[in-house]
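Student:
2 protein chains.
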Amino acid sequence: MALLVAGLLATGSASAGAPAPAHPALLIKAADVPTLKQSLGQYPLLDKSYRALQKTADKALASPIAVPVPKDPAGGYTHEQHTRNYYALQAAGICFQMTKDGKYARFVRDMLLEYSKLIPGLKNHPEAKSSSPGRLFHQALNDANWLVYSAQGYDAVYETLTPAEHKQIEDGAFRPLCNYFTQDLKSWFDLVHNHGVWAAAGVGMVGYAIHDQKLINLAVHGSAGNDKSGFLAQLNGLFSPDGYYTEGPYYSRYALSPFFMFAQAIDNNQPELHIFEYRGSILKKALNSSLQLTNTDGRYYPLNDALKEKDWTTQELIGAISIAAQHYGVDKTLLGLAQQQGKVLVAPGGLAVAKAVQEASKNLQPYQRQSVLYTDGPTGTEGGLAVLRAGAQDAQTSLIFKYTGHGLSHGHYDKLGIVLYDRGREVLQDYGAVRFLNVEAKEGGRYLPETKTWASQTVAHNTLVVDEASDFGGKEEVAEKNAGQAWFADIRNANAQVVSAKANSAYPGVQLQRTVALVLDSLSGKPLVLDVFRVQAGAPHQYDLPWYYQGQLISTSFKYDSFATSRQTVGLKNGYQHLWREAISQPVRTPGVATLTWLNGPQFYSLSTATDTATHLVLARIGATDPNFNLRPEPALLVREKAQNKVFVSVLESHGEFNPTSEVATGSRSNVARVAVLFDSPEATVVEVQLRHGGTYRLAVANQDAAPTKAHEAIVAGQSLRWQGPYQLRHIGH
Amino acid sequence: MALLVAGLLATGSASAGAPAPAHPALLIKAADVPTLKQSLGQYPLLDKSYRALQKTADKALASPIAVPVPKDPAGGYTHEQHTRNYYALQAAGICFQMTKDGKYARFVRDMLLEYSKLIPGLKNHPEAKSSSPGRLFHQALNDANWLVYSAQGYDAVYETLTPAEHKQIEDGAFRPLCNYFTQDLKSWFDLVHNHGVWAAAGVGMVGYAIHDQKLINLAVHGSAGNDKSGFLAQLNGLFSPDGYYTEGPYYSRYALSPFFMFAQAIDNNQPELHIFEYRGSILKKALNSSLQLTNTDGRYYPLNDALKEKDWTTQELIGAISIAAQHYGVDKTLLGLAQQQGKVLVAPGGLAVAKAVQEASKNLQPYQRQSVLYTDGPTGTEGGLAVLRAGAQDAQTSLIFKYTGHGLSHGHYDKLGIVLYDRGREVLQDYGAVRFLNVEAKEGGRYLPETKTWASQTVAHNTLVVDEASDFGGKEEVAEKNAGQAWFADIRNANAQVVSAKANSAYPGVQLQRTVALVLDSLSGKPLVLDVFRVQAGAPHQYDLPWYYQGQLISTSFKYDSFATSRQTVGLKNGYQHLWREAISQPVRTPGVATLTWLNGPQFYSLSTATDTATHLVLARIGATDPNFNLRPEPALLVREKAQNKVFVSVLESHGEFNPTSEVATGSRSNVARVAVLFDSPEATVVEVQLRHGGTYRLAVANQDAAPTKAHEAIVAGQSLRWQGPYQLRHIGH
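Here it is as structure tokens:
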């Protein structure tokens with residue numbers, strides 16, 4: 001063993017002109033190791049994290065090395081084995097640094113030597129279906145994951161290897177994949193997109209590990225070396241100035257991992273780049289915004305392509321939180337999360353977090369989710385995302401309002417869509433994506449076709465659909481060029497928050513403006529959401545406003561004809577083919593209000609919408625045209641009207657209580673008596689919601705001039721109503 | 001205050017010849033009070049329970065007394081107010097005993113005086129819809145609840161009242177309802193049924209409180225005084241000798257409450273009856289069997305009419321557990337439950353439990369759910385219920401096999417049905433009942449029509465349906481006369497438990513025998529369920545064997561035609577009208593195996609069934625003919641075959657793992673290679689299940705003679721297979 005460890009700097013590869021600091025130098029530096037070793041036994045979270053790595057490494061060491069010829073898709077044997085391998089390489093590397101036990105170094109060496117024999121002969125993976133096929137895995141993305149982790153293993157044992165071993169591993173295992181990425185898949189490698197971040201991190205971390213400045217430059221500055229692509233371009237292009245990740249919360253989680261890991265590697269090797277301070281410490285803002293875009297139970301809001309199971313305990317965030325602690329200081333409100341994750345990075349940042357958790361003991365400060373307004377786009381001019389929140393912790397209500405840019409290839413056609421959570425539960429859902437992650441039997445765990453045909457379509461969201469088509473014609477290249485537009489927002493008053501946004505290019509010749517208010521009703525103490533969706537067009541259209549309520553229908557205030565014994569789809573394309581038509585209502589003779597009440601867990605909810613003599617209501621259920629049973633059979637209410645100009649005004653309320661243990665069920669009926677548009681002109685719109693108990697809410701919205709000083713007037717019931725600024729929300733006596 | 005309390009025995013009513021012990025004498029005796037008072041401050045659970053009663057009482061005292069004219073159904077104001085009132089009366093009574101603060105006594109007096117004015121003028125409740133209408137509530141059952149709790153309040157403050165007040169309250173509030181029950185609703189009062197238990201408890205507890213031996217006798221010995229009805233008849237008739245409650249687990253919970261409370265009142269007043277030792281301490285057995293019929297998460301198995309939300313923390317069990325502790329000693333394995341319930345009865349038994357919880361501190365013994373075989377019927381000859389269990393605590397698998405009697409008015413036509421739970425989750429569900437408890441907007445919280453048209457029908461269960469009809473023609477009076485028949489059972493080997501039962505009168509001319517085995521597979525360590533459903537008839541029939549799997553369909557081994565854009569019901573009546581036909585498969589040319597795989601939480605499950613050239617498979621979904629949206633849209637697989645004699649052989653397996661946090665999804669494919677009937681004769685049936693990995697299971701079952709000494713022979717592939725006894729289960733090499 002001593003033989004292997006001795007005099008190692010001398011064996012450093014001279015393959016490129018890069019500076020050669022002592023190894024390891026990716027997530028930890030050689031100089032970090034003594035402190036980490038001394039800290040063991042002091043901080044349970046660090047101990048547990050290290051034990052987990054030991055377990056991973058020892059389990060791998062106890063089995064014969066298996067580097068199979070790639071064959072299976074995700075969920076299948078070869079896929080899972082190569083995944084296990086790269087985690088084992090990383091773990092064994094850390095174990096070697098912490099113990100200097102040569103068995104770990106030999107394991108890394110032997111496995112990488114196997115890879116060096118396998119990889120040069122590989123062609124595209126037999127299960128590859130995308131335009132960026134992998135070699136070890138069905139997609140290049142997973143090969144990039146492999147590089148990121150395997151590079152760490154190599155880096156950790158670097159100094160134990162002979163020059164011949166260096167050459168064999170670098171030329172056989174690492175360079176072929178790096179060359180494949182940067183040459184054959186050059187346009188993919190240059191993507192400003194989560195794949196591109198992983199690719200850059202993989203190539204760059206290999207670059208540092210094997211001392212190849214050319215690879216490092218490609219990774220940091222892009223293949224043209226001009227920062228139009230590569231890591232800096234990704235830091236510039238994927239986040240808004242306030243840290244919103246353009247692909248949405250689910251992918252922010254996934255991208256933060258390579259962003260933070262590669263940044264750490266850069267900082268360890270080229271501290272002069274000040275990467276953690278880059279763009280106003282954009283990585284800090286990115287982490288904060290990612291965490292804010294989780295629900296009270298830690299689950300990521302499933303905007304764009306997203307799996308709802310994913311929460312903030314996910315592996316990818318652990319490293320980001322540890323690394324952020326090293327560079328930005330420990331965020332005390334994240335210690336509870338660190339404890340819940342049960343892991344930190346075995347690295348200086350992870351040590352800091354583990355120490356802080358130990359010191360805080362049981363008095364951990366809770367993480368605070370608050371109302372936030374994010375912009376989207378590199379300069380913050382491509383619309384944005386509002387999260388209105390009321391109430392504290394588990395009892396919090398969150399209204400998410402999306403008027404961002406499209407969000408790249410995983411974006412949905414959901415402009416001006418809203419989603420509502422209450423006390424941890426989805427009340428108005430975003431469907432997320434149609435995918436069973438890594439489940440081999442569901443098309444190898446890939447995104448299923450219904451992600452495109454259903455989940456990404458406009459009708460799958462709680463937003464307006466014009467003429468049964470998706471916004472931007474369902475065309476990504478068009479959608480990418482047209483973001484939503486923030487109109488005004490006021491989140492200063494926790495009991496009455498209002499946001500308004502526009503989308504004037506989603507449908508040709510149609511102007512959309514949506515204004516939402518989250519109000520805590522002073523009488524019931526429960527949340528009310530007011531929603532004013534104004535549409536103006538040059539010609540008549542059919543408008544559908546769907547509401548994907550989650551729960552069991554309890555009652556409706558309106559009559560309907562039910563298709564109880566024979567059922568057809570609501571439409572034929574653009575997602576409508578996936579909706580069963582369960583019931584329809586005919587328009588009523590006098591304008592009024594239609595209310596649908598449902599039960600979700602212990603809570604009743606009602607949606608009430610103003611109706612007129614042209615309003616049809618469609619009760620629908622997801623799941624049609626789904627021969628492979630990929631969809632969940634969840635319900636929706638579509639409010640449908642043929643009109644040229646129209647203001648849809650709706651209110652969503654939480655009411656009553658259902659407690660089967662104590663057998664209490666109270667307040668199962670809506671408290672809304674009337675919902676109406678009082679005034680509508682090009683300049684302004686005024687709506688009101690009358691409650692049975694608790695007075696009336698009246699919301700006035702400016703449509704043309706949102707300046708704070710602008711005076712507005714509307715005529716309501718013959719009276720002049722005046723206000724100044726973009727909106728006025730009044731609660732009138734009860 | 002002293003004035004009110006002083007010299008009270010002298011004021012005892014002499015209205016009847018009953019012995020007059022000091023009050024209180026229902027759930028607690030006067031002599032218990034000093035010890036209870038001294039114990040406050042020592043045992044947190046007792047303190048918390050008492051504080052909760054104080055809170056209930058003080059909240060009621062702080063509001064004006066409201067005794068409204070009955071008007072609303074469950075969930076409505078008057079219903080909920082009268083319910084709140086009786087709990088307040090009980091709570092205030094206990095608070096008075098514990099504090100001797102006259103405000104509590106005055107509250108009870110004043111409220112009961114209000115009731116004494118209201119009740120005499122009441123006719124049937126305006127929302128009454130059943131044959132046993134209530135006066136204060138829509139059904140007499142709730143009036144009985146009112147008597148049980150109000151009697152306790154009255155009893156507790158009895159000695160503070162003047163003779164005139166006694167007379168007013170007894171004649172105005174209590175006697176009218178008791179007379180109404182025992183005279184107008186005599187046949188209902190005499191029911192051997194949970195309603196009857198509540199009615200007897202109400203009338204009997206009032207009898208003790210007001211010293212009316214006549215009421216006591218009616219309650220204990222029935223209206224004819226001959227023990228054909230009344231409390232003793234209920235103790236005799238509703239439980240099997242081993243304590244199984246004939247209406248099923250959900251109603252056992254509900255009936256145990258009056259059973260234990262009234263028994264306590266009897267014991268406090270007539271200890272010479274030795275009611276807790278009655279029928280071999282049947283109440284102890286009843287409580288044990290009720291608790292055993294909960295799932296690992298404490299939820300009651302939803303057999304017969306049942307709401308799935310109900311678990312063992314339910315209010316009704318708290319009193320039963322406390323009272324049982326007083327008479328049978330503290331069961332240490334129930335202390336964790338007591339802590340979870342967070343309450344005990346403020347009574348000697350509750351004190352004992354609270355003390356034991358305090359002493360056990362954090363080292364609470366877990367409750368053990370084990371394999372159990374219950375008989376049904378007063379003499380244990382009306383079939384029974386088997387629960388086969390494997391694994392420990394949260395990871396336990398439970399297979400419930402029901403071959404009981406019908407179970408009275410809430411019984412389902414589910415003879416030989418099975419239900420499967422695994423690791424806390426429903427894998428093969430029983431639908432339960434269609435009801436939204438106390439939700440006013442859902443028909444006043446009553447059982448909805450779909451309980452009869454869907455949930456109670458045979459096709460709604462995991463058991464065989466002959467000719468699309470329910471067993472016993474769906475007629476309660478026929479079903480009540482015909483129980484299932486236990487055939488044999490062997491639960492000695494925890495890794496391989498086998499139970500067989502028959503039903504030869506469910507369908508005229510059709511003999512049914514079902515044999516189920518719960519096996520822990522030695523290779524995977526996961527459960528396998530083998531199921532052999534043998535049907536013999538005098539003529540051809542259509543047989544459907546439905547499987548209500550819970551979760552998301554992942555894959556099928558068979559091809560099917562999907563009704564993806566237009567959908568009809570599976571049938572027209574007997575529950576079939578509530579099933580959508582989603583897809584059908586045509587018979588295959590060569591016998592084989594059909595497998596359906598689904599995902600439920602983190603676990604994959606597969607059902608594999610042997611198919612032949614006549615087997616059709618129907619993929620169905622609940623929810624058709626449901627214009628009011630009362631049903632849950634859950635899936636089923638129906639295995640359908642037209643035949644005269646047929647052996648359905650199926651295997652249900654748990655396999656793989658789905659973990660979205662760690663992004664691991666492995667083993668998503670079934671491990672079953674072949675399922676086949678090897679031999680079938682009037683004497684015996686032999687089936688086998690071949691696994692891809694892990695060998696073959698072969699199960700041989702005796703059909704005609706289940707004697708342990710009987711030798712059997714079958715010819716399998718030309719070889720003679722011999723065994724002795726009712727079955728042989730072999731696991732053949734792997």
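So the protein lines, in turn, are chains A and B. The first sequence begins at 1 in the UniProt record's numbering and counts up by one. The second sequence begins at 1 in the UniProt record's numbering and counts up by one. Positions of the beta carbon are idealized from the N, C-alpha and C atoms, including for glycine. From a predicted model like this one, the values you see are computed outputs, not experimental measurements.
Using a Cβ cut-off of 8 Å, which residues of the stretch 662–674 of chain A contact any Cβ in chain B, in chain order?
Tutor: For the stretch 662–674 of chain A, which is checked against every Cβ of chain B, the residues closer than 8 Å are Ser662, Glu663, Val664, Ala665, Thr666, Ser668, Arg669.
Student: Short of 7 Å in beta carbon distance, which residues of its chain neighbour B:Asp47, apart from the five on each side in sequence? Order them along the chain.
Tutor: Within the same chain, B:Asp47 has close Cβ partners Leu40, Gly41.
Student: Mind listing, in chain order, the continuous beta strand (DSSP E) runs of no fewer than 3 residues lying wholly within the stretch 374–457 of chain A?
Tutor: Runs found: 384–390, 397–403, 417–422, 425–428.
Student: Would you say A:Ala92 and A:Gly153 are within 8 Å of each other, going by their C-beta atoms?
Tutor: Their beta carbons are under 8 Å apart, which means A:Ala92 touches A:Gly153 by this criterion.
Student: Starting from A:Thr83, trace the alpha helix (DSSP H) both ways and give me its first and last residue.
Tutor: Start and end: 77–99.
Student: Applying a beta-carbon distance threshold of less than 9 Å, which residues of chain A neighbour B:Ile554?
Tutor: Those are Phe436, Val439, Ala441, Lys442, Phe629, listed as they occur along chain A.
Student: From B:Ser44 to B:Arg279, what does the alpha carbon distance come to, in whole angstroms?
Tutor: The sequence given here places Pro at residue 44 of chain B; Ser does not occur at that position. Between B:Pro44 and B:Arg279, the C-alpha separation is close to 35 Å.
Student: May I ask you to list, following chain order, the residues of the stretch 543–576 of chain A that have a beta carbon less than 8 Å from some beta carbon of chain B?
Tutor: For the stretch 543–576 of chain A, which is checked against every Cβ of chain B, the residues closer than 8 Å are Gln552, Leu553, Ile554, Ser555, Ser562, Ala564, Thr565, Ser566, Arg567, Gln568, Thr569.
Student: Can you list, in chain order, the residues of its chain with a C-beta nearer than 6 Å to that of B:Ala665? Leave out the 5 residues immediately preceding and following it.
Tutor: Around B:Ala665: Phe658.
Student: Check each candidate in A:Arg425, A:Ala338, A:Leu512, A:Gly484 and name the one with the smallest Cα separation from A:Leu464.
Tutor: Among A:Arg425, A:Ala338, A:Leu512, A:Gly484, the Cα nearest to that of A:Leu464 belongs to A:Leu512.
Student: Taking C-beta to C-beta, are A:Arg514 and A:Phe533 nearer than 8 Å?
Tutor: Yes, these two residues count as a Cβ contact at 8 Å.
Student: With DSSP run on the structure shown, which of helix, strand or coil describes B:Val687?
Tutor: Strand.
Student: Compute the minimum distance between the beta carbon of A:Gln315 and the heavy atoms of the ligand HEM, and state whether it is under 7 Å.
Tutor: Summarising the ligand content, the structure contains no ligands, and the ligand HEM is consequently not present.
Student: Taking its Cβ as the centre, do 16 or more other Cβ atoms sit within 10 Å of B:His541, making it buried, or is it exposed?
Tutor: Looking at its Cβ environment, which holds 16 or more other Cβ atoms inside 10 Å, B:His541 is buried.
Student: Going along chain B in order, which residues have a C-beta closer than 9 Å to the C-beta of A:Gly694?
Tutor: Ordered by position in chain B, no residue passes the 9 Å Cβ test against A:Gly694, which lies about 17 Å from the chain.
Student: Where are the beta strand (DSSP E) runs, 3 residues long or more, that stay fully inside the stretch 658–718 of chain B, in chain order?
Tutor: Segments of the beta strand (DSSP E) lying fully in the stretch 658–718 of chain B: 664–666, 672–680, 684–691, 696–702, 711–716.
Student: Would you check if the distance between the CB atom of A:Glu316 and the CB atom of A:Ser257 is smaller than 8 Å?
Tutor: Cβ distance < 8 Å, so A:Glu316 and A:Ser257 count as in contact.
Student: For A:Val616, which beta-bridge partners are listed by DSSP?
Tutor: For the record, residue 616 of chain A in the displayed sequence is His; it is not Val. For A:His616, which the question treats as bridged, DSSP gives the partners A:Arg640.
Student: Are the beta-carbon atoms of A:Tyr421 and A:Asn269 separated by less than 8 Å?
Tutor: Contact: no.
Student: Assign A:Arg106 to one of three DSSP states: helix, strand, or coil.
Tutor: Helix, per DSSP.
Student: Please determine if the stretch 71–81 of chain A and the stretch 376–393 of chain A are in contact, where contact requires at least 3 C-beta pairs separated by less than 8 Å.
Tutor: No: fewer than three Cβ pairs fall under 8 Å.
Student: With respect to the alpha helix (DSSP H) encompassing B:Thr56, which residues constitute its N-terminal and C-terminal limits?
Tutor: That run of the alpha helix (DSSP H) goes 44–62.
Student: Name, in chain order, the residues that DSSP records as bridge partners for A:Trp146.
Tutor: Its beta-bridge partners do not exist; DSSP assigns none.
Student: Against B:Thr313, what residues of chain A qualify as contacts under a CB-to-CB distance less than 8 Å, listed in chain order?
Tutor: The answer, in chain order, is Thr661.
Student: Is A:Pro726 buried or exposed, if buried means 16 or more other CB atoms sit within 10 Å of its CB?
Tutor: Under this definition A:Pro726 is a buried residue.
Student: Between the stretch 295–323 of chain B and chain A, which residues of the former have a C-beta closer than 8 Å to a C-beta of the latter?
Tutor: Residues passing the 8 Å Cβ filter: Leu307, Glu309, Lys310, Asp311, Thr313, Thr314, Gln315.
Student: So is A:Ala338 buried or exposed if we call it buried at 16+ other beta carbons inside 10 Å?
Tutor: Buried, because 16 or more other Cβ atoms sit within 10 Å of the Cβ of A:Ala338.
Student: Checking contacts by CB at 8 Å: is B:Glu80 closer than that to chain A?
Tutor: B:Glu80 counts as touching chain A.
Student: Excluding sequence positions up to five away, which residues of its chain have a Cβ less than 6 Å from the Cβ of A:Asn304?
Tutor: Correct list, in chain order: Gly248, Gly407, His410, Gly411, His412.
Student: Determine which residues of the stretch 608–625 of chain B have a Cβ less than 9 Å from any Cβ of chain A, and write them out in chain order.
Tutor: Those residues of the stretch 608–625 of chain B that come within reach of chain A (Cβ to Cβ, closer than 9 Å) are Leu619, Arg621, Gly623, Ala624, Thr625.
Student: Quick one: list the residues of chain B neighbouring A:Pro633, beta-carbon separation under 9 Å, in chain order.
Tutor: Simply Arg621, Gly623, Pro633, Glu634, Pro635.
Student: So, with DSSP's three-state summary, where would you put B:Thr515?
Tutor: Reduced to three states, the DSSP call for B:Thr515 is strand.
Student: Counting only beta-carbon separations shorter than 8 Å, does A:Phe658 have a partner in chain B?
Tutor: It does; some Cβ of chain B falls within 8 Å.
Student: Do the stretch 622–632 of chain B and the stretch 596–610 of chain B touch if we need at least three Cβ pairs shorter than 8 Å?
Tutor: Taking 8 Å as the limit for Cβ pairs, the verdict is that the stretch 596–610 of chain B does not touch the stretch 622–632 of chain B.
Student: Applying the criterion that 16 or more other CB atoms from any shown protein chain within 10 Å of the CB defines a buried residue, is A:Glu159 buried or exposed?
Tutor: By the neighbour-count rule (16 or more Cβ atoms within 10 Å), A:Glu159 is buried.
Student: DSSP state of B:Arg581, grouped into three classes?
Tutor: The answer is strand: DSSP assigns B:Arg581 an E or B state.
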